[in-house]
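Count along the sequence shown from 1, then add 112; that gives the number in the numbering used here. First comes the structure, then the notes that go with it.
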Amino acid sequence: MSKLWWQTKGEGKDDLVLLHGWGLNAQVWHCICEELSSHFRLHLVDLPGYGRSQDFGALTLEEMAEVVLAQAPEQAIWLGWSLGGLVASQIALSHPSRVKRLVTIASSPCFTAQGDWPGIKPEVLAGFQQQLSDDFQRTVERFLALQTLGTESARQDARRLKSVVLEQPMPSVEVLNGGLEILKTADLRQPLSQLKVPFLRLYGYLDGLVPRKIAGLLDAQWPQSEAVIFPKAAHAPFISHPQDVCRVLEEFCKVDKP
């Protein structure tokens, strides 16, 4: 059976599993690892087919969730960024007893814009899928540049994301297409409205991929969850504002809420 690349570090009593976004790998958490490892036992994972977890083809969201869960601690706090937020959410839905708390960063239960729901236009995602087979590396770089657009440190943040991709083996076109297919088709809005697990959603005010309007819509649809918007952040707030993200996360995980 194929195994994920999985690294555990840190001193805390609570397990915290970190799931990265599309095209990337666990190195993306480097800027917050040191701070978080003094509070949690961190589990850094390369999602199936990404980074050092090369031995996988394209998976559905449900399949990806099951593969990740198979190597996870019995009970953990799950934190997912972007695509990783969908994977963490799917795990919370299918195995709530394994999830102590759920945190998503710059993620949406439905990434595709439809009707009154804001998001990425379906033709943009379809365009990325088409371009992947034409110019694989440039397409990934364009997607990464979109994630930092608008922040004061946009260039520096985009360079950091690019170096994270290039440091590790690149995912295959098949795996990247599979990830885009999940972003294009997944819709967890209704299932997550029933979630009983403590749930924190973090957003960047300047995010062009997950519009901030989503935070308010979900506040109304998911009153049991909490939202925080970082005013000067875009799609990667933990890179542009690492201390702010760590502070909010530690506060949310510090006490067992009734």
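C-beta atoms are modelled at their ideal positions from N, C-alpha and C, and glycine is treated no differently.
>> My parser needs the alpha helix (DSSP H) runs of 4 or more residues fully inside the stretch 283 to 354; what are they?
In response: 285 to 297, 301 to 304, 325 to 333, 349 to 352
> What separation, rounded to the nearest whole angstrom, lies between the Cα atoms of F364 and D246?
Replying inline: 43 Å
>> If you reduce the DSSP assignment to three classes, tell me which class W141 lands in.
In response: helix
> Under the three-state reduction of DSSP, which class applies to Q243: helix, strand or coil?
Replying inline: helix
> From the DSSP output, which residues share a beta bridge with R153?
Replying inline: D127
>> For F248 and V285, which I take to be in contact (beta-carbon distance under 8 Å), what is that distance rounded to the nearest angstrom?
In response: 6 Å
> Does DSSP put Q119 in a helix, a strand or coil?
Replying inline: strand
>> Quick check: S219 and G197, are their CB atoms within less than 7 Å of each other?
In response: yes
> Is DSSP giving Q183 helix, strand or coil here?
Replying inline: coil
>> Here's a check: name, in chain order, each residue in its chain whose Cβ is nearer than 8 Å to the Cβ of P349, leaving out the five neighbours to either side.
In response: I217, A218, L314, Y315, G316, F342, D356, V357
> With a cut-off of 8 Å, do at least 3 Cβ pairs link the stretch 218 to 237 to the stretch 150 to 170?
Replying inline: no
>> According to DSSP, Q374 sits in a beta bridge with which residue or residues?
In response: Past the edges of the chain, shown from 113 to 370, lies residue 374, and the structure says nothing about it.
> According to DSSP, is G197 helix, strand or coil?
Replying inline: helix
> In terms of residue numbering, what span does the beta strand (DSSP E) encompassing R213 cover?
Replying inline: 211 to 217
> Taking Cβ to Cβ, would you say C145 is nearer than 7 Å to P354?
Replying inline: no
>> Taking the straight line between their C-alpha atoms, what separation do you get for K125 and L148?
In response: 12 Å
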